[in-house]
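A.B. asks: In this note's numbering, the protein residues as written are 85 to 244.
Ideal Cβ placement from N, Cα and C applies to all residues, glycine included.
Since we're looking at a predicted model, the values are computed, not measured.
Got a structure here, written out as structure tokens. Questions coming.
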Ligand code: SF4
Ligand code: SF4
């Protein structure tokens with residue numbers, strides 16, 4: 085957790101969050117908000133004063149399509165702020181369990197969605213090699229991926 089409001093404010097001060105007039109055009113433009121609990125207008129408002137916004141699960145429901153940011157009449161850099169807040173949250177150890185699982189798979193296999201028995205079987209039926217020509221079949225490349233992830237402390241962040 086960031087220690088206080090000032091820290092979050094300074095982290096996102098370049099994104100013009102305080103220019104928001106709560107018109108709601110962003111929410112009305114948001115495809116994700118039609119199917120999830122994401123209310124981007126509310127999230128923008130919360131980001132302006134509440135560090136606990138980092139623990140709001142809806143923060144992760146934005147698909148970064150940029151509809152809202154393109155349409156905002158105040159040119160608030162909504163998505164850039166969302167991405168920055170996510171980044172800060174992750175470095176504070178605030179990660180959804182489902183994301184942590186995906187990140188662990190990436191660390192282990194080099195794929196966020198690694199191949200499984202069912203897909204191996206389907207590949208065989210289609211006359212393909214059992215494994216795709218990715219890190220699954222190139223162990224050296226997997227080592228490179230792991231080295232790269234280690235160099236940016238990915239493991240530490242994921243396993244916190
Ligand atoms: S569209 Fe822009 S000004 Fe309107 S509520 Fe969303 S962020 Fe605020
Ligand atoms: S970028 Fe995110 S918040 Fe904005 S419209 Fe797309 S899904 Fe909604």
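Got a sec: does ligand 2 put a non-hydrogen atom nearer than 7 Å to the Cβ of residue 101?
C.D. replies: No, the Cβ of residue 101 stays beyond 7 Å of every heavy atom of ligand 2.
A.B. asks: Taking three-plus beta-carbon pairs below 8 Å as touching, is the segment 88-105 in contact with the segment 155-173?
C.D. replies: Touching, per the Cβ criterion.
A.B. asks: What did DSSP end up calling residue 147 once you bin it into helix, strand or coil?
C.D. replies: Residue state, collapsed to three classes: coil.
A.B. asks: Taking all protein chains shown into account, decide if residue 209 is buried (16 or more other Cβ within 10 angstroms of its Cβ) or exposed.
C.D. replies: When all chains shown are included, residue 209 counts as exposed.
A.B. asks: Per DSSP, what kind of secondary structure is residue 156 in: helix, strand or coil?
C.D. replies: The answer is coil: DSSP assigns residue 156 none of H, G, I, E or B.
A.B. asks: Tell whether a beta-carbon distance below 8 Å holds between residue 105 and residue 158.
C.D. replies: Yes; because the gap between Cβ atoms is below 8 Å, this pair is in contact.
A.B. asks: So is the beta-carbon of residue 151 under 7 Å away from any non-hydrogen atom of ligand 2?
C.D. replies: Answer for residue 151: yes, Cβ within range of ligand 2.
A.B. asks: At what residues does the alpha helix (DSSP H) containing residue 188 begin and finish?
C.D. replies: Unbroken alpha helix (DSSP H) run through residue 188: 181-193.
A.B. asks: Measure how close the beta-carbons of residue 116 and residue 145 come, nearest whole angstrom, since I'm counting them as under 8 Å.
C.D. replies: Right, the Cβ-Cβ distance comes to about 5 Å (below 8 Å), so this counts as a contact.
A.B. asks: Leaving out the 5 sequence neighbours to the left and right, which residues in its chain are closer than 8 Å to residue 141 when beta-carbon positions are compared?
C.D. replies: Same-chain partners within the cutoff: 121 and 180.
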